[in-house]
Amino acid sequence: HAQAMTAEEASALRAELAALRTQVERLEARLDAADAGSPGASPSASATAPAASAAPVTTWKGAPEIGNADGWSFKPRGRVQIDVAGIDTPGATGNRGGIGSEFRRVYLGVDGKIPGGFSYRVEADLANGSVELTDVYLTYGPGPLSVTAGQVKPFWSLDEMTSDLFTSVMERAAFTQAFGFERRLGLSAQYKGKAFLAQAGVFGDNANDLLDDANNSFGVDGRAVWMPKFGDTQLHLGGSAHWRDFNDSAATTRYRARPFAHTTDVRLVDTGAIAATGERGLGLEAALLSGPFHAAGETFWQTVRRPGLPDPTFFGGYAEVGMVLTGDSRTYKDGAFDRLKPSSPITAGGIGAFEVNARYDHLDLNDAGIVGGRQKAALIGLVWAPIDYVRITANYGRLWIDDARIATAAGDRDYSADTFGLRTQIDF
Amino acid sequence: HAQAMTAEEASALRAELAALRTQVERLEARLDAADAGSPGASPSASATAPAASAAPVTTWKGAPEIGNADGWSFKPRGRVQIDVAGIDTPGATGNRGGIGSEFRRVYLGVDGKIPGGFSYRVEADLANGSVELTDVYLTYGPGPLSVTAGQVKPFWSLDEMTSDLFTSVMERAAFTQAFGFERRLGLSAQYKGKAFLAQAGVFGDNANDLLDDANNSFGVDGRAVWMPKFGDTQLHLGGSAHWRDFNDSAATTRYRARPFAHTTDVRLVDTGAIAATGERGLGLEAALLSGPFHAAGETFWQTVRRPGLPDPTFFGGYAEVGMVLTGDSRTYKDGAFDRLKPSSPITAGGIGAFEVNARYDHLDLNDAGIVGGRQKAALIGLVWAPIDYVRITANYGRLWIDDARIATAAGDRDYSADTFGLRTQIDF
Amino acid sequence: HAQAMTAEEASALRAELAALRTQVERLEARLDAADAGSPGASPSASATAPAASAAPVTTWKGAPEIGNADGWSFKPRGRVQIDVAGIDTPGATGNRGGIGSEFRRVYLGVDGKIPGGFSYRVEADLANGSVELTDVYLTYGPGPLSVTAGQVKPFWSLDEMTSDLFTSVMERAAFTQAFGFERRLGLSAQYKGKAFLAQAGVFGDNANDLLDDANNSFGVDGRAVWMPKFGDTQLHLGGSAHWRDFNDSAATTRYRARPFAHTTDVRLVDTGAIAATGERGLGLEAALLSGPFHAAGETFWQTVRRPGLPDPTFFGGYAEVGMVLTGDSRTYKDGAFDRLKPSSPITAGGIGAFEVNARYDHLDLNDAGIVGGRQKAALIGLVWAPIDYVRITANYGRLWIDDARIATAAGDRDYSADTFGLRTQIDF
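Taken in order, these protein sequences are the chains called A, B and C.
The numbering of the first sequence is our numbering, which starts it at 4 and goes up by one.
The numbering of the second sequence is our numbering, which starts it at 4 and goes up by one.
The numbering of the third sequence is our numbering, which starts it at 4 and goes up by one.
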């Protein structure tokens, strides 16, 4: 239970600060005197002052962040996720315990700040033999309101907005994949208050899809989050709405999801291509963090606009609970879950941080004559962070499929399957 | 309503205070020790020189450049250009106000110096889902003469040699695109005097084209620039000559140019494929910078060598004037325009730098029986640099086409079109 | 009654703390600079130690390596190799003196260390218009035993394990290419004693090949090296064994090698596609370094497991001698040759380091009914390192081929050819 700081403690703190300030000023005066007194330094002394204000300051956040007092900063970024994963289905798909390995993600990039309230990120995923730009943007925002031009995630879902470095289980909720959540190039704005976050933007498409001259799709996306803190307890209540026009008379869309293992290209649920003119989505989000515990849940409805046909609405969602076993806690920042930092890493003789998560995931791709299948999954995940920026995740899940895309040898389309995975991850 | 500080925040504050106190005490101890040990500081002055030669020195040029007095240096490089652009034609091409967005360029790379007069650059463009190596070279040149092995621009045209970060309008002169100016792998030399620049080299082809085993093309390129400064006025007079053998009996070439908007793949002027054994080019360049004003103009003649057929000569050029409205001025360096630096950026309470440019562009792809079309364009561009390394460019242009590649619905090939664009750019 | 501190007071406090921290960091930077130049550093030296644990330390290894005493470090990595090379065959292949140029390798990446015994590397080759991940791994190993997850070379051959930056001739032994040595994703362990090295791992396939869902290949690879030092003389005796199952009933393999010039795609020896279920390999390695001299030799037997057919065993190997002419010597580290560092670089008025190497290379792809050809080669290589991290290599070789894949115009498959090459290289 978080107890407020009393006036006594506060005034002690203030006194200590004042003492420190006096001490620092004394040190500074001594250093100035030393500079002034150094041989032939009289011109160099005055030159030192501005130079010192420009002196670089390096801090560590996995990688060095080099900055200076003028407001410049620069930091390399990257992540590597090595997966061993697979599924075990009833022989239908030829995936009986099929196990595969891959680089799930290999990101390299940079973060930077430019004085005046500008910041940027340039990053790409190199895991697939090509370049897939991930976050590439320029943000301007000296205050709580900021404007961003570039490629970002269009404000979909707590699970999607949480970095893949910090998700509860290896792969995100099935609906985030099925409904095609991805980064897109656009212009957006964000207001971030103490307990309120609002995000909205207009977006074209993913940078690689925009290489196609015929792609004229256009969308509007918005999200609002109320994130008050009651003592020790962080609450998260949010919702998002999305509208998109494919702007292409011959367009189709396709909703499908891998069985929580990315090493396979098999999708047990899959609508196939649907002739469509656009789509719209609506999501609700709720989460709670309190000490070592957390709970989260989301629902999302995605509607396809079809030319001259009824518009199907598909549904997905999940509910999860989790607990950190080692006295640490999951963190939360700006409308999403953040890094799990071990308070007692192996370098301090500890065992790092352990987290256990359990999730129920639901995806229904059957509606209005479209039979894409229905998938329910129970997943359990174990996260171990021996030290900050290193993380190992193990997963097991059981899936129950109705109307599966791929039938068993006996023609059965209702069956269950197992999924498992192991991820080794570093980031900087 | 003022909410009380929680125990967590307070303890974090206290921890930070304690850390600060330790740090200050350590500083004090060091200063004490230094004071005690530095009686005659005069020897320390001479001792400083060699020690400093090992210490790294970080300077900021958009990103930190880390160097040391031994002559080593290293700097990350990059740029992001986000374009919204399009054309409006008379319905012929299906591009009536067609508007598109894209990453025009996403470069990441590094610059480095090695003692003894060596320097290198490795950079690639990631904007197109693949890797396109841009400048990748090693230069040796302790003095005014330098030799470069690697991929660079083969010394074509003032507009081409000026970095795309600093051009007057978003897209370069139509002839630079039509005549296939690109970076190529080769060996070159440069002499740079106070007012004279000479560049020449032998080149194969662009690195990606060299992946094709059948590509044996070979060229020789040279350029000379006289760049005297009269008081405040910078003059630029130059010329370049180019010769290339495709070394392939089945080779063809194709000259075409986008309508000053890169988001579309439409080219209104286009020769189609021409059977060719080689090509040669000749360019003239002139420019003048004086205070806030500048003027520039170029002409370029490109001749295709055809087997057993007359050799057509195509022509392109432009003339431009520009003015910086905010008391700043465009800069010039080593035979090309350089960065526009706002003297009063928004961080200093200013509005940054504004520049207005007007350009007439001409491209004639009709000759010797080849009808590629003729394109004239009047372009106006506005550049705003709120702070160094951030730049927003807006463009409008009117194009007049004769013998267009794409006819209107009525079969007309002589028409006019509009082009417009908006670019948001950062670099480091 | 103790009244709680309000949010306003708390934020004022926090701001003051942040300002103090900046001030202290600036002081620290100034003191560090002063310490670097101080003469009698003995008192200040001991005081520096604790401070250094927070302060970043930058060292140069071609590029700056930024680290700190907590055990973090970060260093950019890269290399550029520019080749001009070709072969001259008796007119059979259309390669009479064919000369080509290319970027042989353009690597960019990073190396990092995380406290607790973790280190990582992320690097990719951008030379081929795509992304080919090279070394991408996370290693844990605080002591002589280490475990590595990720993509590395599966412990094949001294010539393969030696970085391409430091090989004797431009292209490695023909068998390393013919038998498909490449980096693969897997899990491996290494024990490194003073004079003994053991490496073993299980591997899937190269990251780009794993993108194919049907790829289920699996292998086990191990290598042991005895590397005692007798006085000045370094001995290297090693062996490696390899086993691989393609796990694919339709699999084929193909063994072939370029003629020591990578600019051409021609292979004079080539088995064509062989239906195969797997392969196994066995290699022996020996080398000796003594002052300016070195000698090295290897043999490798590769056996293809064919379904219902005899299993052919192919053979390759080489023997080489070399000498550094400038009083320097080739170096050796952890079971492989290492960097040739000029003791008298051009920056010190010297001529850098010169090395001459002569190699005999043998590859026999004829066995058990498979006729892939037999290639013998005599190669001579000259290496010049004017300064550390810059290197120019020139090669000439004569090849004698039996049963060449490509016949001469007269139908002859037994002939000789010439190969030559020039490489300009930098790395960091």
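For each residue, glycine too, the CB sits at the ideal point set by N, CA and C.
So, at 6 angstroms on beta carbons, what are the nonlocal neighbours of residue i in its own chain, with the 5 sequence-adjacent residues on each side left out?
i, result
"residue 151/C", "140, 142, 191"
"residue 428/A", "84, 394"
"residue 399/C", "383, 423"
"residue 158/C", "202, 224, 226, 243"
"residue 247/C", "222, 281, 282"
"residue 67/A", "61"
Can you list the residues of chain A that residue i reaches, using a CB-CB cut of under 9 angstroms?
i, result
"residue 105/B", "188, 207, 210, 213, 214"
"residue 262/C", "Going along chain A, no residue has its Cβ under 9 angstroms from residue 262/C, so there is no contact; the nearest lies around 27 angstroms."
"residue 203/C", "Those do not exist, as residue 203/C stays about 17 angstroms from chain A at its closest Cβ, beyond 9 angstroms."
"residue 71/C", "61, 63, 67"
DSSP state of residue i, grouped into three classes?
i, result
"residue 164/C", "helix"
"residue 16/C", "helix"
"residue 211/C", "helix"
"residue 29/A", "helix"
"residue 256/B", "strand"
"residue 429/B", "strand"
"residue 22/C", "helix"
"residue 62/A", "strand"
"residue 382/A", "strand"
"residue 351/B", "helix"
Please name the residue or residues paired with residue i in a DSSP beta bridge.
i, result
"residue 265/B", "Answer is none; residue 265/B lacks a bridge partner."
"residue 75/A", "In DSSP, residue 75/A forms no bridge with anything."
"residue 233/C", "236/C"
"residue 369/A", "374/A"
"residue 148/C", "194/C"
"residue 122/C", "116/C, 142/C"
"residue 387/C", "357/C, 395/C"
So residue i packs on residue j, CB below 8 angstroms; how close in whole Å?
i, j, result
"residue 272/C", "residue 404/C", "7 angstroms"
"residue 318/C", "residue 367/C", "5 angstroms"
"residue 262/C", "residue 402/C", "6 angstroms"
"residue 116/C", "residue 76/C", "4 angstroms"
"residue 371/A", "residue 314/A", "7 angstroms"
Interface residues of chain B around residue i at Cβ under 7 angstroms?
i, result
"residue 131/C", "214"
"residue 109/C", "125, 136, 139"
"residue 199/A", "Here the premise fails: no neighbours, minimum Cβ distance about 14 angstroms."
Can you list the residues of chain B that residue i reaches, using a CB-CB cut of under 8 angstroms?
i, result
"residue 91/C", "Per Cβ cutoff of 8 angstroms: no residues; residue 91/C is ~15 angstroms from chain B at best."
For residue i, which residues in chain B fall below 9 angstroms Cβ to Cβ?
i, result
"residue 193/A", "Going along chain B, no residue has its Cβ under 9 angstroms from residue 193/A, so there is no contact; the nearest lies around 17 angstroms."
"residue 387/C", "Result: empty, since nearest Cβ-Cβ is about 13 angstroms, beyond 9 angstroms."
"residue 396/C", "Residues of chain B passing the Cβ test: none, with the nearest at roughly 13 angstroms."
Closer than 8 angstroms by C-beta to residue i: which residues in its own chain qualify, once you throw out the five before and the five after it? Chain order, please.
i, result
"residue 213/C", "188, 207"
"residue 145/B", "119, 120"
"residue 21/C", "none"
"residue 15/B", "none"
"residue 59/C", "69, 70, 71"
"residue 346/B", "329, 330, 331, 353, 356"
Using a Cβ cut-off of 8 angstroms, pull out every chain C residue sitting near residue i, in sequence order please.
i, result
"residue 79/A", "77, 79, 113"
"residue 19/B", "20, 24"
"residue 392/A", "117"
"residue 83/B", "The contacting residues do not exist; residue 83/B stays about 17 angstroms from chain C at best."
Excluding sequence positions up to five away, which residues of its chain have a Cβ less than 7 angstroms from the Cβ of residue i?
i, result
"residue 416/A", "406, 407, 410"
"residue 218/C", "208, 212"
Residue i versus chain A: which residues are under 7 angstroms apart at the beta carbon?
i, result
"residue 30/B", "30"
"residue 268/B", "216"
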